[in-house]
Amino acid sequence: MAESKLANESQFVVDVVLSSRQGPRKVLIFLDGDQGVSIDDCADLSREMAQALDENNWITDNYTLEVSTAGIDQPLKLARQYKKNIGRRVKVKLKDASIEGTLTGSDAEKIVLAEETGTGKKKEVKTREIPFTEIEKTLVMVSFK
1 MAESKLANES QFVVDVVLSS RQGPRKVLIF LDGDQGVSID DCADLSREMA QALDENNWIT
61 DNYTLEVSTA GIDQPLKLAR QYKKNIGRRV KVKLKDASIE GTLTGSDAEK IVLAEETGTG
121 KKKEVKTREI PFTEIEKTLV MVSFK
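All residue numbers for the sequence shown refer to this note's numbering, where the first residue is 1 and numbers rise by one.
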């Protein structure tokens, strides 16, 4: 439902989390966009969602609604996020290993990673295709260069 309330087609909902803790429930909506997301975009979606939740009486108890961007500390979840981050360094956690490299491609089934091995003259770049089914978590690495 949150997806239908977005004003811009280049934006998309990454995740919706409903807390089940004691006290007022918390509804968290994480938003991303092909060209980024502004604070105004988050505020607009928050207003639309609050109105829809209240009108449809989906949550009868008190609740807190937060709409936020999928921050740099959040793992990539959707193929659309991978496409947006092509060219950036990522750390991919697989079931049995972790790999760092530059994300060079992505489609509906897999990502393509340029993985550097060795140093100096023995430095090699290997291209590796990784199916989404093998990926447990992918984080974008922050560079301060």
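A virtual CB, placed ideally from N, CA and C, is assigned to each residue, including glycine.
These numbers were taken from a predicted model, which means no experiment stands behind them.
Residues of the same chain with a CB within less than 6 Å of the CB of E124, apart from the 5 flanking positions on each side, are T117 and G118 in chain order. The Cβ atoms of L45 and V67 sit closer than 8 Å to each other. Given a length threshold of 3 residues, each whole run of the beta strand (DSSP E) inside the region 63-118 is given here in chain order: 63-69, 89-94, 98-106 and 110-117. Taking the CA atoms as reference points, E134 sits about 10 Å from A97. Under the three-state reduction of DSSP, D61 is assigned to coil, being neither helix nor strand. An exposed status is given to G23, since fewer than 16 other beta-carbon atoms sit within 10 Å of its beta-carbon.
L113 sits buried, since 16 or more C-beta atoms from the chains shown fall within 10 Å of its C-beta.
Secondary structure at E48: helix, using DSSP grouped into helix, strand and coil. Counting other Cβ atoms within 10 Å of its Cβ, A43 stays below 16 and is therefore classed as exposed.
Separation of the CB atoms of R89 and G101 is rounded to 7 Å, and the pair is thereby assigned contact status at 8 Å.
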